[in-house]
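Residue numbers (my numbering): 5 to 75.
Ideal Cβ positions, reconstructed from N, Cα and C, are used throughout, including at glycine.
First the structure, in the form of structure tokens, and then the observations on it.
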């Protein structure tokens, strides 16, 4: 139950919306799946695709000392 709640909250943050059911659309889920399946295996080799995340999100890498803001 908690996992489901966290998933819903994550997608609300990623897509910046609140639907009646607080659920992402099928199309949004497919897009997130596709982007993550393409980018996560290359996590340390090439930059991530930040388009699926909320524009307000800031990625901080405390190991490398970098900060990335998606525009």
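Should the segment 31–44 be regarded as contacting the segment 55–67, the criterion being three or more beta carbon pairs within less than 8 Å? yes
CB of residue 68 within 8 Å of CB of residue 62, strictly: On the chain shown, position 64 is the one that residue 68 refers to. On the chain shown, position 58 is the one that residue 62 refers to. Not in contact: residue 68 and residue 62 (Cβ atoms no closer than 8 Å).
Backbone secondary structure at residue 71 - three-state DSSP: As a working note, residue 71 is residue 67 in the chain shown. In the structure shown, residue 71 sits in a strand (DSSP, three-state: E or B).
Residues bridged to residue 62 by DSSP? Counting from one through the chain shown, the residue named residue 62 turns up at place 58. Paired residue(s): 73.
Taking buried to mean at least 16 other C-beta atoms within 10 Å of its own C-beta, is residue 28 buried or exposed? Reading the chain shown from its first residue, position 24 is the one you call residue 28. Residue 28 is buried by the Cβ-count criterion.
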